[in-house]
Amino acid sequence: MAEEASKKLSLPKDFLWGYATASYQIEGAADEDGRGPSIWDTFSHTPGKTADGKTGDVACDAYHRLEEDVALLKSYGAKAYRFSISWSRVIPLGGRTDPINPAGIAYYRNLIDKLLENDIQPFVTLFHWDLPQALHDRYLGMLNKEEFQLDFENYARVCFSHLPKVKNWITLNEPWCSSVLGYNTGLFAPGRCSDRTKSAEGDSSREHLIAAHSLLLAHARAVRLYRAEFKEKAGGQIGITLNGDWTEPWDPEDPLDVEAAERKLEFAISWFGDPVYFGKYPDSMRKQLGDRLPEFTPEESALVIGTNDFYGMNHYTANYIKHVDTPAADDDNLGNLECSFYNKAGDCIGPETQSVWLRPNPEGFRKLLIWLHKRYGGPIFYVTENGTSVKDEHLKTGDDRFNDELRCEYFKTYITAMARARQESGVDIRGYLAWSFLDNFEWAEGYVTRFGVTYTDYENGQKRTPKRSAFVVRDTFQSLIEK
Ligand code: PNW
């Protein structure tokens, strides 16, 4: 260990690094060239759902700036780029008997070609939350397990067969967010929850659990299909991307806090990770949720188990966890515990950012990588998102807008923490995609919260300007990667 630690920190020559985005957050062109609406179009156009009532109608206008954006990525030295496909751009009504939109396919083919011409490897996400509105209207989307998995499998087939040059597929982005934020808290589309002042329909005690189950089956079907019909020919790989924050006990001397910290990881991550690697939900969830948590039938379990060629990891922050002594509420999604940025001794987990849920703690990244490595038997990892907002960045003016000190520090320390997990603890990390390439539509937070290494000037035709962090990410990788 001592010898390992004293070795110069490095990353291998073929380490892939670059940037990530998602369709609804950057594309704009919401009703151009035959695109159908998604639940995010509907939700963002509903008064009161997003900051200042903002929508993704124009966003970064990336749909019209493909060449410019690829050239910018290239100038940053990126070796990989993760983007997502807008399902309703490719199949406007979403379903397996609905027509395909050739203009939608052409846009993504063109993007992929441009990236490859510039030696940038595409990482393509099939579903980053923007469910076709027609499927929500038809059968409530992922609340209908049978229909949803078949329509998703068909959509996956359309993408695999029309985009054969892609070698890195991600089925779902953060199913935790789709499930909990969409169907439990209702903060994200489609905004369902039990609170009738927020949503006319919904059941926060059950619907997110049903949505999650459907998402897992949909993921598994897409992977089975890819492996059976496309993988060999394309020489590609496929996996799911899961989000997860690190946890520390509020009082490390209290076994109940230690247990709660572990339980929080299981509720947030293993809810999806355990089915994919072990074919079942974690015992801690079964214990708290009883029969509200769906059971995998033997066929479903066999379908889902082993469906990851790699683990896609999205990671941002850490929390102190305190157990609670009262029984769990029916709508609890955490594991019956409290999250805090302070521990018993009064230590703070990290500095404030613009996102209420995010405080930098790079050690948490290293520790979570090791936790996942151990729990899931040493899988291949790609870090598919990591990054930060900066407090009050939207209030900056002039050249100060491009001077994102906290983000520079964040990337330097997080990338170093990742390299240490790899080198000192044997975590098999093959790539890293920073979130995000551009400031973009940050969901319910509209355009107030910025995550980009590129400044997007929404007042001036979405003009892009590199921030300092774009060069810090490049320099950090260039100094770590072996020559
Ligand atoms: C991720 N939370 O989402 C998403 O994949 C991105 O689309 C998003 O822009 C990025 O992180 C930054 O927010 C999250 O509330 C959204 O804990 C919210 C949470 C976590 C992740």
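When we follow our numbering, the leftmost residue of the sequence shown carries the number 1, and every step to the right adds one.
For every residue, glycine included, the Cβ atom is placed at its ideal position computed from N, Cα and C.
Using a Cβ-based criterion (distance less than 8 Å to any ligand heavy atom), does Gln25 qualify as near the ligand PNW?
What you label residue 25 is simply residue 25 of the sequence shown in a count that begins at 1. Gln25 Cβ: within cutoff of the ligand PNW.
Is the closest heavy atom of the ligand PNW to the C-beta of Tyr316 under 8 Å?
Walking along the sequence shown from the start, residue 316 turns up at place 316. Yes, the Cβ of Tyr316 comes within 8 Å of a heavy atom of the ligand PNW.
Can you give the Cα-Cα distance for Leu303 and Lys463, rounded to whole angstroms?
Against the sequence shown, residue 303 aligns to sequence position 303. Against the sequence shown, residue 463 aligns to sequence position 463. Their Cα atoms are separated by approximately 46 Å.
Whole angstroms is fine: what's the gap from Leu26's alpha carbon to Leu216's?
Here residue 26 refers to the residue found at position 26 of the sequence shown. Here residue 216 refers to the residue found at position 216 of the sequence shown. The residue you asked about is not Leu; residue 26 is Ile in the sequence shown. In this structure, the straight-line span from the alpha carbon of Ile26 to that of Leu216 is close to 26 Å.
Chain-order list of residues whose beta-carbon lies under 8 Å from that of Asp428 (same chain, five-residue window excluded)
Indexing the sequence shown from 1 puts residue 428 at position 428. Hits under 8 Å: His373, Gly378, Pro379, Ile380, Phe381 and Arg422.
Excluding the 5 residues preceding and the 5 following Tyr226 in the sequence, name in chain order all residues of the same chain whose CB lies nearer than 8 Å to its CB.
Position 226 of the sequence shown, counted from the start, is the residue given in the question as residue 226. Spatial neighbours of Tyr226 in its own chain (CB-CB distance under 8 Å, excluding positions within 5 residues in sequence) are listed in chain order as Ala156, Phe160, Trp169, Gly236 and Ile238.
With C-beta atoms as the reference, is Asp130 less than 9 Å away from Trp176?
Taking the sequence shown and counting its residues from 1, one reaches residue 130 at position 130. Taking the sequence shown and counting its residues from 1, one reaches residue 176 at position 176. Cβ atoms of Asp130 and Trp176: not closer than 9 Å.
Please return the same chain residues whose Cβ sits closer than 8 Å to the Cβ of Asp151, not counting the five positions on each side in sequence.
Residue numbering aside, residue 151 sits at position 151 when the sequence shown is read from its first letter. The answer, listed in chain order, is Gly94, Gly95, Arg96 and Leu135.
Any heavy atom of the ligand PNW inside 8 Å of the beta-carbon of Ala189?
Position 189 of the sequence shown, counted from the start, is the residue given in the question as residue 189. Ala189 Cβ: outside cutoff for every heavy atom of the ligand PNW.
Straight-line Cα distance separating Thr42 from Ala200:
In the sequence shown, the residue the question calls residue 200 occupies position 200. In the sequence shown, the residue the question calls residue 42 occupies position 42. Roughly 15 Å between the two C-alpha positions.
Beta carbon of Lys543 nearer than 9 Å to that of Thr476:
One cannot answer for residue 543 here, as it falls past the ends of the chain, which runs 1 to 483.
Alpha helix (DSSP H) runs wholly inside the region 279 to 359, at least 4 long, in chain order
Restricting attention to alpha helix (DSSP H) runs no shorter than 4 residues, the region 279 to 359 encloses them at 283 to 289 and 298 to 304, ordered along the chain.
Counting along the chain, where does the alpha helix (DSSP H) carrying Asn154 start and finish?
Locating residue 154 in the sequence shown gives position 154, where the first residue counts as 1. Counting along the chain, the alpha helix (DSSP H) containing Asn154 begins and ends at Lys145 to His162.
Tell me the DSSP bridge mates of Ile481?
Position 481 of the sequence shown, counted from the first residue, corresponds to residue 481. DSSP lists Leu11 as partners of Ile481.
C-alpha distance - Arg292 paired with Met142, whole-angstrom precision:
Taking the first residue of the sequence shown as position 1, residue 292 is located at position 292. Taking the first residue of the sequence shown as position 1, residue 142 is located at position 142. When rounded, the distance between both Cα atoms is 16 Å.
Select from Gly364, Leu337 and Cys408 the residue whose C-alpha is nearest the C-alpha of Ile349.
For the purposes of this step, residue 349 is taken as the residue at position 349 of the sequence shown. Selected option, being the one with the closest Cα: Gly364.
Buried versus exposed call for Asp392 [16 or more other C-beta atoms within 10 Å across all chains shown]:
For the purposes of this step, residue 392 is taken as the residue at position 392 of the sequence shown. That one is exposed.
Grab me the residues of Leu187's own chain with a C-beta within less than 7 Å of its C-beta, minus the 5 sequence neighbours each way, in chain order.
For the purposes of this step, residue 187 is taken as the residue at position 187 of the sequence shown. Cβ neighbours of Leu187 beyond the five flanking positions: Leu181 and Ala444.
Looking only at C-alpha atoms, which of Phe437, Arg420 and Tyr376 sits nearest to Thr388?
Reading the sequence shown from its first residue, position 388 is the one you call residue 388. The residue among Phe437, Arg420 and Tyr376 with its C-alpha nearest the C-alpha of Thr388 is Phe437.
Near Thr197, what residues of its chain come up, given a Cβ to Cβ distance below 8 Å and the 5 sequence neighbours on each side ignored?
One-based indexing of the sequence shown puts residue 197 at position 197. Hits under 8 Å: none found.
Grab me the residues of Ala62's own chain with a C-beta within less than 8 Å of its C-beta, minus the 5 sequence neighbours each way, in chain order.
Your numbering for residue 62 matches position 62 in the sequence shown. Around Ala62: Thr21, Ile26, Glu27, Gly28, Asp69 and Leu438.
If you follow the alpha helix (DSSP H) that Thr413 is in, where does it begin and where does it stop?
The sequence position of residue 413 within the sequence shown is 413, counting from 1. Taken as a continuous stretch (DSSP letters only), the alpha helix (DSSP H) holding Thr413 covers Glu405 to Ser425.
Hey, does Gly236 have any beta-carbon neighbour from chain B nearer than 9 Å?
Among the chains in the structure shown there is no chain B, since it carries only a single protein chain.
Among Gly290, Asn314, Lys13 and Lys287, which residue has its Cα nearest to the Cα of Trp435?
If you number the sequence shown from 1, residue 435 lands on position 435. For the residues Gly290, Asn314, Lys13 and Lys287, the minimum Cα distance to Trp435 belongs to Asn314.
Just checking Phe451 against the ligand PNW - is the residue's beta carbon closer than 8 Å to any of the ligand's heavy atoms?
One-based indexing of the sequence shown puts residue 451 at position 451. Answer for Phe451: yes, Cβ within range of the ligand PNW.
Hey, quick one: how far does the beta strand (DSSP E) through Asp428 stretch, first residue to last?
Working through the sequence shown from its first residue, we reach residue 428 at position 428. Per DSSP, the unbroken beta strand (DSSP E) holding Asp428 starts and ends at Asp428 to Trp435.
Straight-line Cα distance separating Glu424 from Lys13
On the sequence shown, position 13 is the one that residue 13 refers to. On the sequence shown, position 424 is the one that residue 424 refers to. Those two C-alpha atoms are separated by around 18 Å.
Contact set for His213: own chain, Cβ-Cβ below 6 Å, skip 5 residues either direction
Numbered from 1 along the sequence shown, position 213 holds the residue referred to as residue 213. Excluding residues up to 5 positions away in sequence, Pro294 lie with their Cβ nearer than 6 Å to the Cβ of His213 in the same chain.
From which residue to which residue does the beta strand (DSSP E) around Trp246 run?
Position 246 of the sequence shown holds residue 246. For Trp246, the enclosing beta strand (DSSP E) has its first and last residue at Trp246 to Pro249.
Pairwise C-alpha distance: Gly18 and Leu73
On the sequence shown, position 73 is the one that residue 73 refers to. On the sequence shown, position 18 is the one that residue 18 refers to. Going by the C-alpha atoms only, they are around 8 Å apart.
Note down the Cα distance separating Phe260 from Thr185, rounded to an integer number of angstroms.
Numbered from 1 along the sequence shown, position 260 holds the residue referred to as residue 260. Numbered from 1 along the sequence shown, position 185 holds the residue referred to as residue 185. Just to set this straight, residue 260 is Ala in the shown sequence, not Phe. Ala260 and Thr185: Cα-Cα distance of roughly 21 Å.
Determine the direct distance from the alpha carbon of Arg430 to that of Lys79, and round the result to whole angstroms.
Within the sequence shown, the letter at position 79 stands for residue 79. Within the sequence shown, the letter at position 430 stands for residue 430. Distance between the alpha carbons of Lys79 and Arg430: 12 Å.
Under 8 Å Cβ to Cβ from Phe402, same chain only, skipping five residues before and after it: list those, please.
As a first step, residue 402 must be located in the sequence shown, where it is residue number 402. The answer, listed in chain order, is Tyr455, Thr465, Pro466, Lys467 and Arg468.
CB of Ser84 within 9 Å of CB of Val58, strictly:
To locate residue 84, count along the sequence shown from 1; it is residue 84. To locate residue 58, count along the sequence shown from 1; it is residue 58. No.
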